[in-house]
Every structure is written in C-alpha cells, then in structure tokens.
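Below: one structure, written as structure tokens.
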Amino acid sequence: MDVIILEMPGVDGECLLKDYVSKIECLSFSHAVAMQMTSDVSNKERTSGKPNVQDFTLSKYMDKSSPVLNQACCEGRKIGDCKVTIGRNESGLVMPMMVYTLKDAMISSVSAASSGGDKPAETLTLNFTAIQWDYTAQKPDSTKEGNAGGKWDMKTNNAG
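Numbering (the working numbering), first residue to last: 216 to 375.
And the structure:
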C-alpha cells in the first residue's frame with residue numbers, strides 16, 4: 216500500500232497525485248465490522264444480534280482541510296458520500312486496490328497531536344449509514360486482474 220486518499224465533498228486537501236489533486240492524503244486507516252456470537256448450541260445460526268459496523272478512522276498530517284474538518288465536526292454537518300482509496304503509486308498514477316465508499320458520512324471526531332519532531336498530525340473518525348467495499352486485484356506488473364465487492368446498509372440492516 217503506497218497511498219491512502221480521502222475524497223470528501225466540499226473539503227479540499229493538498230494531494231498532488233494525478234486524478235486526486237486537492238484530495239486529502241492520509242497516513243493510515245482503521246475500520247472493522249463485527250457480529251455478536253453466542254455459544255448457545257440451541258441457536259443454530261450462532262448470531263445474537265445485528266452487525267456492528269464501526270466508524271472509519273484515518274490519520275493524516277495537518278493541512279488546509281484541518282480547520283474545515285474541525286468545524287464540520289462541531290456543526291454536526293452532513294458531509295455526503297466519501298471515498299477512501301487504498302492504492303499503489305505507480306510512476307505518479309494511483310492504481311486503486313481497495314475503495315471504501317461511505318454513504319451519508321459525518322465527522323464523529325477530530326483529534327490533533329504532535330511529538331515535536333515531526334509535522335503535527337490528526338486522527339479523523341467518520342460515521343456513515345452504509346458502506347461499500349470494492350477490491351481490484353493487481354498482477355505483479357500493476358495491471359488489473361479482477362475485482363470483488365460487497366456492501367452493507369446499517370439503516371436497513373442488509374446488503375440492499
């Protein structure tokens with residue numbers, strides 16, 4: 216993984232990569248889904264609730280998006296659909312490997328930190344109502360080899 220890029224409507228970053236100019240470059244991301252399970256053998260399905268789709272967390276250096284992100288969080292602003300692209304930087308071109316699409320996103324937290332020896336960084340957490348996962352396999356020469364996708368809508372509690 217060479218690049219993590221956040222595309223957020225109405226919020227510009229400082230990315231200079233082709234096709235991602237003015238998007239937000241990130242340093243790391245974290246996301247998880249979980250299904251509550253039971254050890255009750257009378258429950259053949261073993262699940263005991265609905266899935267827990269956790270907020271999407273990204274870390275990034277402070278940039279011109281920082282004040283806008285903080286204000287949007289304070290306002291409880293509805294951002295719209297956001298995309299997080301995980302990809303390889305191949306001679307200045309981003310080859311997407313995984314794309315997360317977050318529907319009806321809102322910023323649930325922004326926190327800043329610095330250790331003094333590096334640029335200040337911040338952690339951004341996004342809440343959303345539905346998620347889509349799109350994976351593109353790549354051959355060793357960086358050409359596409361196939362794809363797979365999935366999605367989940369938390370409002371309807373299904374893949375619809």
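Beta carbons are placed, not taken as given, at the ideal position from N, Cα and C, and that holds for glycine. Being a predicted model, the structure only gives us computed values, none of them experimental.
Practice problem: Output the boundary residues of the alpha helix (DSSP H) element that contains GLN347. | Solution: Locating residue 347 in the sequence shown gives position 132, counting from the first residue. Here GLN347 belongs to no alpha helix (DSSP H); instead the beta strand (DSSP E) covers 345-353.
* Indicate whether the contact test is met: 3 or more Cβ pairs, each with one atom in the region 218-229 and one in the region 240-249, closer than 8 Å. => yes
Evaluate the contact criterion for the region 306-324 versus the region 346-353: three or more CB pairs, one atom per stretch, below 8 Å. yes
| query | Just to confirm, are LEU232 and LEU273 a CB contact at a threshold of 8 Å? | reply | As a first step, residue 232 is located in the sequence shown; it is residue number 17 there, counting from the start. As a first step, residue 273 is located in the sequence shown; it is residue number 58 there, counting from the start. Not a contact, by the Cβ cut-off of 8 Å.
Checklist entry - Would you call the CB atoms of CYS288 and SER245 closer than 8 Å? => result Within the sequence shown, residue 288 is the residue found at index 73, counting from 1. Within the sequence shown, residue 245 is the residue found at index 30, counting from 1. Not in contact: CYS288 and SER245 (Cβ atoms no closer than 8 Å).
Go ahead and label LYS265 buried or exposed: buried means 16 or more other beta carbons lie within 10 angstroms of its beta carbon, across all protein chains shown.
Working through the sequence shown from its first residue, we reach residue 265 at position 50. Looking at its Cβ environment, which holds fewer than 16 other Cβ atoms inside 10 Å, LYS265 is exposed.
- Item | Inter-residue CB distance, MET312 and GLN353 (contact presumed, cutoff 8 Å) | Residue numbering aside, residue 312 sits at position 97 when the sequence shown is read from its first letter. Residue numbering aside, residue 353 sits at position 138 when the sequence shown is read from its first letter. About 6 Å separates the two Cβ atoms, so the contact holds.
Task: Exposure label - LEU284; buried when at least 16 CB within 10 Å - done: As a position in the sequence shown, residue 284 is number 69, starting the count at 1. Counting Cβ neighbours within 10 Å, LEU284 comes out buried, since at least 16 surround it.
TODO: Go ahead and label LEU308 buried or exposed: buried means 16 or more other beta carbons lie within 10 angstroms of its beta carbon, across all protein chains shown.
DONE: As a working note, residue 308 is residue 93 in the sequence shown. It is exposed - the Cβ of LEU308 has fewer than 16 other Cβ atoms within 10 Å.
Query - Beta-carbon proximity check, LYS370 vs THR344, cutoff 8 Å - result: Along the sequence shown, read from residue 1 onward, the residue named residue 370 stands at position 155. Along the sequence shown, read from residue 1 onward, the residue named residue 344 stands at position 129. The answer is yes: Cβ separation under 8 Å.
*asked:* Please confirm whether GLN251 has its beta-carbon closer than 8 Å to some beta-carbon of chain D.
replied: Protein chains in the displayed structure number just one, and chain D is not present.
As assigned by DSSP and simplified to three states, the class of ASN258: Against the sequence shown, residue 258 aligns to sequence position 43. Of the three classes helix, strand and coil, the one that applies to ASN258 here is coil, per DSSP.
Worksheet item: Are three or more beta carbon pairs between the region 223-230 and the region 293-302 nearer than 8 Å?
Response: yes
ask   = Does the Cβ-Cβ distance between ALA374 and TYR276 come in under 8 Å?
value = Looking up residue 374 in the sequence shown gives position 159. Looking up residue 276 in the sequence shown gives position 61. For ALA374 and TYR276, no; Cβs fall outside 8 Å.
* Thinking just about the alpha-carbon of each residue, which of ALA328, PHE271, ALA249 is nearest to the one in SER263? -> Position 48 of the sequence shown, counted from the start, is the residue given in the question as residue 263. Among ALA328, PHE271, ALA249, the Cα nearest to that of SER263 belongs to ALA249.
Original post:
What separation, rounded to the nearest whole angstrom, lies between the Cα atoms of VAL236 and ASN267?
Top reply: To locate residue 236, count along the sequence shown from 1; it is residue 21. To locate residue 267, count along the sequence shown from 1; it is residue 52. About 34 Å.
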